[in-house]
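Engineer:
2 protein chains.
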Amino acid sequence: MRTIEEIQKRIAVALTEFDLRRKPVELYQPISYTLSLGGKRLRPALCLMACDMFAGDLEKALNPAIGIEIFHNFTLLHDDIMDKAPIRRGEKTVYKKWNSNVAILSGDTMMALAYEYIMKAPENVRSKVFSIFNKTAIEVCEGQQYDMNFETQNNITIKDYIEMIRLKTAVLLAASLKIGVVLSGADDEYGEALYRFGENLGIAFQLKDDLLDVFSEVEKFGKTTGGDITTNKKTYLYLKAFEKAEGETLEKLKYLFENNDSDKVNEVKKIYEKLNIREETENEMNRYFDRAMDFMEIIPVNENRKSELIKFAKNLSRRES
Amino acid sequence: MRTIEEIQKRIAVALTEFDLRRKPVELYQPISYTLSLGGKRLRPALCLMACDMFAGDLEKALNPAIGIEIFHNFTLLHDDIMDKAPIRRGEKTVYKKWNSNVAILSGDTMMALAYEYIMKAPENVRSKVFSIFNKTAIEVCEGQQYDMNFETQNNITIKDYIEMIRLKTAVLLAASLKIGVVLSGADDEYGEALYRFGENLGIAFQLKDDLLDVFSEVEKFGKTTGGDITTNKKTYLYLKAFEKAEGETLEKLKYLFENNDSDKVNEVKKIYEKLNIREETENEMNRYFDRAMDFMEIIPVNENRKSELIKFAKNLSRRES
Numbered sequence: 088m089r090t091i092e093e094i095q096k097r098i099a100v101a102l103t104e105f106d107l108r109r110k111p112v113e114l115y116q117p118i119s120y121t122l123s124l125g126g127k128r129l130r131p132a133l134c135l136m137a138c139d140m141f142a143g144d145l146e147k148a149l150n151p152a153i154g155i156e157i158f159h160n161f162t163l164l165h166d167d168i169m170d171k172a173p174i175r176r177g178e179k180t181v182y183k184k185w186n187s188n189v190a191i192l193s194g195d196t197m198m199a200l201a202y203e204y205i206m207k208a209p210e211n212v213r214s215k216v217f218s219i220f221n222k223t224a225i226e227v228c229e230g231q232q233y234d235m236n237f238e239t240q241n242n243i244t245i246k247d248y249i250e251m252i253r254l255k256t257a258v259l260l261a262a263s264l265k266i267g268v269v270l271s272g273a274d275d276e277y278g279e280a281l282y283r284f285g286e287n288l289g290i291a292f293q294l295k296d297d298l299l300d301v302f303s304e305v306e307k308f309g310k311t312t313g314g315d316i317t318t319n320k321k322t323y324l325y326l327k328a329f330e331k332a333e334g335e336t337l338e339k340l341k342y343l344f345e346n347n348d349s350d351k352v353n354e355v356k357k358i359y360e361k362l363n364i365r366e367e368t369e370n371e372m373n374r375y376f377d378r379a380m381d382f383m384e385i386i387p388v389n390e391n392r393k394s395e396l397i398k399f400a401k402n403l404s405r406r407e408s
Numbered sequence: 088m089r090t091i092e093e094i095q096k097r098i099a100v101a102l103t104e105f106d107l108r109r110k111p112v113e114l115y116q117p118i119s120y121t122l123s124l125g126g127k128r129l130r131p132a133l134c135l136m137a138c139d140m141f142a143g144d145l146e147k148a149l150n151p152a153i154g155i156e157i158f159h160n161f162t163l164l165h166d167d168i169m170d171k172a173p174i175r176r177g178e179k180t181v182y183k184k185w186n187s188n189v190a191i192l193s194g195d196t197m198m199a200l201a202y203e204y205i206m207k208a209p210e211n212v213r214s215k216v217f218s219i220f221n222k223t224a225i226e227v228c229e230g231q232q233y234d235m236n237f238e239t240q241n242n243i244t245i246k247d248y249i250e251m252i253r254l255k256t257a258v259l260l261a262a263s264l265k266i267g268v269v270l271s272g273a274d275d276e277y278g279e280a281l282y283r284f285g286e287n288l289g290i291a292f293q294l295k296d297d298l299l300d301v302f303s304e305v306e307k308f309g310k311t312t313g314g315d316i317t318t319n320k321k322t323y324l325y326l327k328a329f330e331k332a333e334g335e336t337l338e339k340l341k342y343l344f345e346n347n348d349s350d351k352v353n354e355v356k357k358i359y360e361k362l363n364i365r366e367e368t369e370n371e372m373n374r375y376f377d378r379a380m381d382f383m384e385i386i387p388v389n390e391n392r393k394s395e396l397i398k399f400a401k402n403l404s405r406r407e408s
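So the sequence lines, in the order shown, correspond to chains A and B.
The first sequence begins at 88 in the numbering used here and counts up one residue at a time.
The second sequence begins at 88 in the numbering used here and counts up one residue at a time.
1. When the cut-off is 8 Å and only beta carbons count, does S404/A lie next to chain B?
2. Could you please give the first and the last residue of the uninterrupted alpha helix (DSSP H) stretch that includes R405/B?
3. Quick check on I243/B: does DSSP put it in helix, strand or coil?
4. To the nearest angstrom, how far is it from the Cα of F141/B to the Cα of G126/A?
5. Considering only residues of the same chain and omitting the five flanking positions on each side of W185/B, which have a CB-CB separation below 7 Å?
6. Does the segment 104 to 123 of chain A come close enough to the segment 95 to 109 of chain B to have 3 or more Cβ pairs within less than 8 Å?
7. Measure the Cβ-Cβ separation of L281/B and K147/B and say whether it is below 8 Å.
8. For E371/B, is the classification buried or exposed, using 16 other Cβ atoms within 10 angstroms of its Cβ as the cut-off for buried?
9. Cutting at 7 Å between CB atoms, please list the residues of its own chain near K183/A, excluding the five before and the five after it.
10. Is I98/A buried or exposed, if buried means 16 or more other CB atoms sit within 10 Å of its CB?
11. Are three or more beta carbon pairs between the segment 262 to 278 of chain A and the segment 205 to 217 of chain A nearer than 8 Å?
12. Quick check: G289/A and L324/A, are their CB atoms within less than 8 Å of each other?
13. Taking just the CA atoms, how far does E113/A sit from I157/A?
14. Which of helix, strand or coil does DSSP assign to K127/A?
15. Buried or exposed: which applies to R176/B, given that a residue is buried once 16 or more other Cβ atoms fall within 10 Å of its Cβ?
16. Under a three-way DSSP split, which group does R89/A fall into?
17. Could you check which residue in L192/A, G230/A and T322/A has the C-alpha nearest to that of I364/A?
18. With DSSP collapsed to three states, give me the class of R374/A.
19. Give, in chain order, every residue of the segment 201 to 215 of chain B whose Cβ lies closer than 9 Å to some Cβ of chain A.
20. From what residue to what residue does the alpha helix (DSSP H) around E345/A run?
21. Using the beta-carbon of each residue, which ones in chain A are nearer than 7 Å to A224/B?
22. So is T196/A in contact with chain B if we call contact Cβ pairs under 8 Å?
23. Do L164/B and A201/B have their beta-carbon atoms positioned less than 8 Å apart in this structure?
24. Where does the unbroken alpha helix (DSSP H) through E156/B begin, and where does it stop?
25. Which residues, taken in chain order from the segment 224 to 241 of chain A, show a beta carbon closer than 7 Å to some beta carbon of chain B?
26. Could you tell me whether any Cβ in chain B is nearer than 8 Å to the Cβ of L294/A?
27. Relative to the C-alpha of E93/B, which candidate in K246/B, S404/B, T256/B and R128/B has its C-alpha closest?
28. I want to verify the contact list: residues of chain B whose CB lies under 8 Å from the CB of P111/A, in sequence order.
29. Please state whether the Cβ-Cβ distance between Q95/A and A132/A is less than 8 Å.
30. For a cutoff of 8 Å on Cβ pairs, would you count L107/A as touching chain B?
31. At a CB distance below 7 Å, what residues from the segment 149 to 172 of chain A approach chain B? Give them in sequence order.
32. Just to make sure I have the definition right: I need the residues of chain A whose C-beta is within less than 8 Å of the C-beta of N221/B. Which are they?
33. State yes or no: is the beta carbon of N188/B nearer than 8 Å to at least one beta carbon in chain A?
34. What does L192/A touch in chain B if you count any residue whose Cβ is under 8 Å from its own?
35. Tell me which residues share the same chain as T180/A and place their Cβ nearer than 7 Å to its Cβ, disregarding the 5 neighbours each side in the sequence.
36. Excluding the five sequence neighbours on either side, which residues of its own chain have a C-beta within less than 8 Å of the C-beta of D297/B, listed in chain order?
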């Protein structure tokens, strides 16, 4: 068994070896830039940890894991154009540093590079790895479309929201694990169980993100607190608050999100606190986390083979940034 | 042997069967729209004709051929954003009819759908088909980047230009043929020969496009004549004219492209005529066409198995729109 740290180190080395000194430089520089910005490398780490859980050969799993990371970074590149996001991981986004055209085309190239690495899976599992990956790639696009739709829709339910974050965020984490299992050579049913583990963990992860956006301490978190409130993003907290608020509180909430008063963030936070939205969201997050753990439990491998993945999951739900 | 018409009919039917009634509709409607706009379906036709040339099973080649067509349409969707093109095949482009975000994300989804269809190739040739396709997908992105670079570069040579159109246009035609050969089960060397046939034909095809943009009769061609001149596009004609022009003619040419006088198109055309640019371009086009035919000749199959592909190539170089 490798520790998370060992696995992350291996991924970092592999990404450094990724040679992008190709031409035209205008196309490949933004790709190098994006991949060098770092981030948690969650997805390749999950892939390798899942493979390791079933004593698979991590070196054979490395290229598809890198493919997943390239794909994830490609989605960020295009999402940042669509969301007009100027900063990513503390640095300018590609579309801001260069322009939208560069971000579109470098992103497209990254998508093709992602497939190249996915298809470096050993031949006996290649088609299976591809199918899981490709189905997921389409779902991630669907999730992003729902996310954009929600910006202008006013009747979003919590169920709609959970389905959106499942597609936009959770399925890629889930697929990373499932691909890791396939690469290890273990039975499909374990891949399915880890998929469901990852899906639930992914939803918990996004709910944690929603919480941190409102309640994290600014200096610990990469972005300014309250960004979701400022932009009227229909997060779990927003939807839950509208579900629970009544009378004057509901009117106040509506007013705040329809206007952009200078104290909007603090006023909304006050209402969230009054309505216990923080606790409600934490409870919901914990429910998804526990469900994830239930799927982990049914996998019949020795507990010490599960320990790193469980530690990883716990860190995700306890993180403060 | 099937005729071109039979093959194109088969492709049209397959594309009608392509079910895009998926959700969210905001994502899939632009994809349906794009694929329903028609076009010549050159790439899947080339793929199936190449397969047919070696008596391969066309039904097994159909899905990868459709994958190539989806990929091609994906590139158009994203190119139209980058080039700010309002009209494609006589209809509004996706980014104009909807918006850039829709065009980016629907395009990304099309790219994933393209891979899905490519990977429906029979298992024994699947990895080979994928490799040809994926290498080509990356080259097409590189070609588009060179094309964008050229807009602001002033030292473009004809050699640079040919390499750009080779990547942006020719390699996908070439790969379509090569994939068709692989799907037929014929030897790699024939795939290679047809690749070179397609590469040279593709360059001839683009030179013909450059010619038609200036010298086609408006009513026959889908777009307004002279668009490339209006936008100062560094086409073969432009580069050849600057190569040949001297003295006053060179000064006039510079003046015309640095300004936007109302009679710019006609004045440039006059200079092109004076410098014999039309003939020069036709000659260059014919050289690539002849080279393509040389590669066709070395393939040791009966002449009647080649006839449809040769007819197709001749039609391309003789077309008036």
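The C-beta atom is built at its ideal place from N, Cα and C for all residues, glycine as well.
Structural biologist: Result, derived from the coordinates:
1. Position 317 of the first sequence, counted from the start, is the residue given in the question as residue 404/A. No, its Cβ sits nowhere closer than 8 Å to a Cβ of chain B.
2. One-based indexing of the second sequence puts residue 405/B at position 318. Judged by DSSP secondary structure, R405/B falls within the alpha helix (DSSP H) whose first and last residues are E390 to R405.
3. Position 156 of the second sequence, counted from the start, is the residue given in the question as residue 243/B. Judged by DSSP in its simplified three-state form, I243/B adopts coil rather than helix or strand.
4. On the second sequence, position 54 is the one that residue 141/B refers to. On the first sequence, position 39 is the one that residue 126/A refers to. The alpha-carbon atoms of F141/B and G126/A are separated by roughly 50 Å.
5. In the second sequence, residue 185/B corresponds to position 98, counting from 1. Cβ-Cβ distances below 7 Å link W185/B to P117 in the same chain, with the five nearest sequence neighbours on each side left out; the list follows chain order.
6. No, the segment 104 to 123 of chain A does not touch the segment 95 to 109 of chain B.
7. The residue you call residue 281/B lines up with position 194 of the second sequence. The residue you call residue 147/B lines up with position 60 of the second sequence. Taking the C-beta atoms as reference points, K147/B is found no nearer than 8 Å to L281/B.
8. Here residue 371/B is taken as the residue at index 284 of the second sequence, counted from 1. The residue in question, E371/B, is buried, as its Cβ has 16 or more Cβ neighbours within 10 Å.
9. The residue you call residue 183/A lines up with position 96 of the first sequence. Excluding sequence neighbours, K183/A sits near P173.
10. One-based indexing of the first sequence puts residue 98/A at position 11. With a 10 Å radius around the Cβ and a threshold of 16 neighbouring Cβ atoms, I98/A comes out buried.
11. With a cut-off of 8 Å, the segment 205 to 217 of chain A and the segment 262 to 278 of chain A count as touching, because enough Cβ pairs lie within range.
12. Translated into positions along the first sequence, residue 289/A becomes position 202. Translated into positions along the first sequence, residue 324/A becomes position 237. For G289/A and L324/A, no; Cβs fall outside 8 Å.
13. Numbered from its first residue, the first sequence carries residue 157/A at position 70. Numbered from its first residue, the first sequence carries residue 113/A at position 26. Here the alpha carbon of I157/A sits roughly 18 Å from the alpha carbon of E113/A.
14. Numbered from 1 along the first sequence, position 40 holds the residue referred to as residue 127/A. K127/A falls in the coil class under three-state DSSP.
15. Within the second sequence, the letter at position 89 stands for residue 176/B. Exposed, since its Cβ has fewer than 16 Cβ neighbours within 10 Å.
16. As a working note, residue 89/A is residue 2 in the first sequence. Residue state, collapsed to three classes: coil.
17. As a working note, residue 364/A is residue 277 in the first sequence. When each option's Cα is compared against that of I364/A, the closest is T322/A.
18. Stepping through the first sequence from its first residue, residue 374/A is reached at position 287. DSSP places R374/A in helix when its eight states are reduced to three.
19. Here the close residues are Y202, E203, M206, E210, R213 and S214.
20. On the first sequence, residue 345/A is found 258 positions in, with the first residue counted as 1. Looking at the DSSP string, the run of the alpha helix (DSSP H) that includes E345/A is G334 to E345.
21. Along the second sequence, one-based indexing puts residue 224/B at 137. At a C-beta separation below 7 Å, A224/B has these neighbours in chain A: A199.
22. For the purposes of this step, residue 196/A is taken as residue 109 along the first sequence, with counting starting at 1. Taking 8 Å as the threshold, the shortest C-beta distance from T196/A to chain B falls below it.
23. For this step, residue 201/B is matched to residue 114 along the second sequence. For this step, residue 164/B is matched to residue 77 along the second sequence. L164/B is positioned such that its CB atom lies no closer than 8 Å to that of A201/B.
24. Locating residue 156/B in the second sequence gives position 69, where the first residue counts as 1. Note, E156/B: alpha helix (DSSP H), L145 to M169.
25. A224, I225, C228, E229, Q231, Q232, Y233, M235 and N236: these are the residues of the segment 224 to 241 of chain A whose beta carbon lies less than 7 Å from some beta carbon of chain B, given in chain order.
26. As a working mapping, residue 294/A is identified with position 207 in the first sequence. Not one chain B Cβ lies under 8 Å of L294/A.
27. Taking the first residue of the second sequence as position 1, residue 93/B is located at position 6. With respect to the C-alpha of E93/B, the residue from K246/B, S404/B, T256/B and R128/B having the closest C-alpha is R128/B.
28. Against the first sequence, residue 111/A aligns to sequence position 24. Under the 8 Å cutoff, chain B gives E229, Q232, Y233 and N236.
29. Walking along the first sequence from the start, residue 95/A turns up at place 8. Walking along the first sequence from the start, residue 132/A turns up at place 45. With a cutoff of 8 Å on beta-carbon distance, Q95/A and A132/A are scored as near each other.
30. Residue numbering aside, residue 107/A sits at position 20 when the first sequence is read from its first letter. For L107/A, the closest Cβ of chain B is not nearer than 8 Å.
31. Taking 7 Å as the Cβ-Cβ cut-off against chain B, the residues of the segment 149 to 172 of chain A that qualify are H165, I168 and M169.
32. As a first step, residue 221/B is located in the second sequence; it is residue number 134 there, counting from the start. Here the neighbours are A199, Y202, E203 and M206.
33. The sequence position of residue 188/B within the second sequence is 101, counting from 1. It does: the Cβ of N188/B has a partner Cβ on chain A nearer than 8 Å.
34. Taking the first sequence and counting its residues from 1, one reaches residue 192/A at position 105. Correct list: H165, M169, C228, Q231, Q232 and M235.
35. As a working mapping, residue 180/A is identified with position 93 in the first sequence. Around T180/A: D167, A172, P173 and I174.
36. As a position in the second sequence, residue 297/B is number 210, starting the count at 1. Correct list, in chain order: D315, T322, Y323, L324 and T368.
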